[in-house]
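Have a look at the structure below, then the notes.
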Amino acid sequence: MSDNLSMLDSLPHEILTNVFVRLPIKSIVTCTAVCKTWKSLIQNPTFISSHLHHSSNNNNKHPLLLFRLCSSEEKEHYVLHFDNQDFNEYTRFDDFPFHGQSYDGIFHVVGTCNGLVFLTDNLYRYHNNFVLWNPCVRKFVKLPKPNITCFSHGGYNASVGFGFDSKTNDYKVVRFVTLGEKGQMGKSPPEVEVYSLSTGKWRMVTALPPIGAARGHDPEAFVNGALHWVALRKTGTKFLNFVMVFDLGDEVFREIALPKLSDQNGDEYWVRVSISAYGNSLALFQPGFPNHRLSIWVMKDYADASSWTKIKTLPDAFLVEGIPRSHCIPKCFRKSGEVIVELYGGYLSSRDLKTKDFKDLRIRGYANTFVDSYVESLVLLDKPNQLRKRQKRKRNNNSTF
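Residue 122 in the UniProt record's numbering is what sits at position 122 of the sequence shown, and the numbering runs on without skipping anything.
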């Protein structure tokens, strides 16, 4: 055994890299315990990037979807599904390290990127606990407290986003905050701060966002190196929705106009619309009220507002296996082009936009269900689990997370 290991250890790094990058994540992590040479190679940022590139290409052939479900006991469950026709292959992450450590018991998923899951405390307005977690390698980083909190600045509303800056090879969390009265309904530009994983710090950003307020806790979309939120601004006596865009590389804001979404009075204050990634572009989900119709828009050419096209209008109330399920909430697109939707009662189904057929996925969540495409990666494998170290220190001081 030792002779074989010595022989393998003597192989050029290029050959070892070519072998390791093709192994399953679990096997790669196991290899880090074989010898110091392998551990050093696998935890090297260059290898982690090479593996991510290989995993991303392989994901096009074997796509994955990450589900965040919450049981009736308010316990979170994370499941990784292979996005195949049968939808019967999955992996459960039963070792979620943050159970009961949020102020109100559960965490909320903001988004995923390159294998990282960005979690925030489920306190909505005043969430200050942020965690980056890679469930595949069981690594996580708890972010420091942001610069703007309710203790330092009083009341506010905040929105967050998460993505990867390819220019600096860095992961960033963006947080923009409307403060007190001056930020009400987007009368003044929000304050903006950015967290960098490479530095481990928050910093304020001088680039001013458009005057407007992001739509609270609605999801953001990370596409083409930029974060996208649906925002609202007041124009005269009426309100108008638009897409607020933040480029993670240049750290500047821009806007993308939305298609006409207004009600009969031309006021979009009560118009609900959510945004989603659609390949390398954007899609909009607009549930209709009171006619219970769901409109789906896609942007044919990214950043070209004139290319918004309504591809489908669907009823918002359905029968699934003979059972009425109303109030359809779109979650994300599958690789096949079908849309995963959450129905009344937390039941998840897949909707074929061409045939309008439903497929019951036999998955149910109770609150804050999250679904998004996912790529397995080794990101964070080279970093310690900072949270556990802090927990031990705090436990000695009789305090909690």
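All C-beta atoms, glycine included, are put in the ideal place defined by N, C-alpha and C.
Within 10 Å of its beta-carbon, does Lys145 have 16 or more other beta-carbons around it, so buried, or fewer, so exposed? Flag for Lys145 reads exposed.
Per DSSP, which one or two residues make a beta bridge with Trp38? Per DSSP, Trp38 has no beta-bridge partner at all.
Give me the Cα-Cα distance between Lys172 and Lys354, rounded to the nearest whole angstrom. Within the model, the alpha-carbon separation for Lys172 versus Lys354 is close to 37 Å.
Does the structure place the segment 335-347 close enough to the segment 38-51 that three or more beta carbon pairs sit under 8 Å? With fewer than three CB-CB distances shorter than 8 Å, the segment 38-51 does not count as touching the segment 335-347.
Can you give the Cα-Cα distance for Lys383 and Lys139, rounded to whole angstroms? If you take the alpha carbons of Lys383 and Lys139, they lie about 7 Å apart.
Tell me the DSSP secondary structure of Pro219 in three-state form. Pro219: coil per DSSP, three-state reduction.
What do you reckon, are the CB atoms on Phe242 and Ala257 nearer than 8 Å? Their beta carbons are under 8 Å apart, which means Phe242 touches Ala257 by this criterion.
Classification of Lys260 by the beta-carbon crowding that lies within 10 angstroms, buried from 16 upward: By the 10 Å Cβ count, Lys260 comes out exposed.
In three-state DSSP terms, what is Asn157? Reduced to three states, the DSSP call for Asn157 is strand.
From the DSSP output, in three-state form, read off Val379 for me. In the three-state DSSP reduction, Val379 falls in the coil class, being neither helix nor strand.
Environment of Cys332 [buried if 16+ CB atoms lie within 10 Å]: Buried, since its Cβ has 16 or more Cβ neighbours within 10 Å.
Find the nearest neighbour of Ala221 within the set Glu255, Gly163 and Val194, judged by alpha-carbon distance. Nearest C-alpha to Ala221: Gly163.
Pairwise C-alpha distance: Ser55 and Pro12: Computed Cα separation, rounded: 22 Å.
Spatial neighbours of Leu64 within its chain, please: CB distance less than 8 Å, with the 5 preceding and 5 following residues excluded, ordered by chain position. Excluding sequence neighbours, Leu64 sits near Leu80, His81, Phe82, Asp83, Ser373, Tyr374, Val375 and Glu376.
Whose CA, out of Leu294, Asn134, Asp95 and Thr149, lies closest to the CA of Leu179? Leu179 has its Cα closest to that of Thr149, out of Leu294, Asn134, Asp95 and Thr149.
Give the range of the alpha helix (DSSP H) segment to which Ile28 is assigned. Element bounds for Ile28: Ile25 to Cys31.
For Pro135, which residues of its own chain have a beta-carbon under 7 Å away from its beta-carbon, when the five flanking residues on both sides are left out? Excluding positions up to five away in sequence, the list reads Tyr78, Phe93 and Val117.
Return the Cβ separation of Leu248 and Gly225 in integer angstroms, given the expectation that the two are a contact with Cβ distance under 8 Å. So it is a contact: roughly 6 Å between Cβ atoms.
Which residue marks the beginning of the beta strand (DSSP E) containing His81, and which one marks its end? Where His81 is concerned, the enclosing beta strand (DSSP E) stretches over Glu76 to Phe82.
Return helix, strand or coil for His228, following the three-state DSSP convention. In this structure, His228 counts as strand in the three-state DSSP scheme.
Under the DSSP definition of a beta bridge, which residues are partnered with Tyr163? Per the sequence presented here, residue 163 reads as Gly, with Tyr not at that position. Answer is Lys172.
Can you name, in chain order, every residue of its own chain whose Cβ lies under 7 Å from the Cβ of Lys335, other than the five neighbours on each side? Hits under 7 Å: Pro63 and Asp83.
Range of the contiguous alpha helix (DSSP H) that encloses His54: Counting along the chain, the alpha helix (DSSP H) containing His54 begins and ends at Pro45 to Asn59.
Between Gly279, Phe67 and Lys312, which lies nearest to residue 429 when the distance is taken from Cα to Cα? Because the chain spans 1 through 401 in this model, residue 429 falls outside it and cannot be assessed.
Residue burial classification, Tyr347 (beta-carbon count within 10 angstroms, cutoff 16): Buried, by the Cβ-count rule.
Proximity of Asp121 and Phe107 at Cβ, strictly below 8 Å: Cβ atoms of Asp121 and Phe107: closer than 8 Å.
Apply the 10 Å Cβ neighbour rule to Met204 and answer buried if 16 or more other Cβ atoms are within range, or exposed otherwise. Under the 10 Å beta carbon count, Met204 is surrounded by fewer than 16 other beta carbons and is classified as exposed.
Give a yes or no on whether the C-beta atoms belonging to Ala283 and Val298 are separated by under 8 Å. A contact, by the Cβ cut-off of 8 Å.
Limits of the alpha helix (DSSP H) - the one that Thr17 falls within: Where Thr17 is concerned, the enclosing alpha helix (DSSP H) stretches over His13 to Phe20.
Looking only at its own chain, which residues have a Cβ that is under 6 Å from the Cβ of Val177, when we skip the five neighbours before and after it? Cβ contact annotation for Val177 (same chain, cutoff 6 Å, sequence separation greater than five): Ile148, Tyr156, Ala158, Pro190 and Glu191, in chain order.
Here's a check: name, in chain order, each residue in its chain whose Cβ is nearer than 6 Å to the Cβ of Thr313, leaving out the five neighbours to either side. So the qualifying residues of the chain are Arg293 and Ser295.
Output needed for Asp165: all residues of its chain with C-beta closer than 8 Å, excluding positions within five of it in sequence on either side, in chain order. If we look at Asp165 and ignore the five residues flanking it on each side, its Cβ neighbours are Tyr171, Lys172, Gly225, Leu248 and Gly249.
Could you tell me if Phe151 is buried or exposed, where buried requires 16 or more neighbouring beta carbons within 10 angstroms of its beta carbon? Residue burial annotation: Phe151 is exposed, with fewer than 16 other C-beta atoms found within 10 angstroms of its C-beta.
Secondary structure at Phe130, three-state DSSP: helix, strand or coil? DSSP places Phe130 within a strand segment (E or B) once states are collapsed to three.
Minimum C-alpha distance to Val252 - residue among Val273, Pro219, Tyr366 and Pro209: The shortest Cα separation from Val252 among Val273, Pro219, Tyr366 and Pro209 belongs to Pro209.
Looking at Lys359: is its Cβ nearer than 8 Å to the Cβ of Ser349? The answer is yes: Cβ separation under 8 Å.
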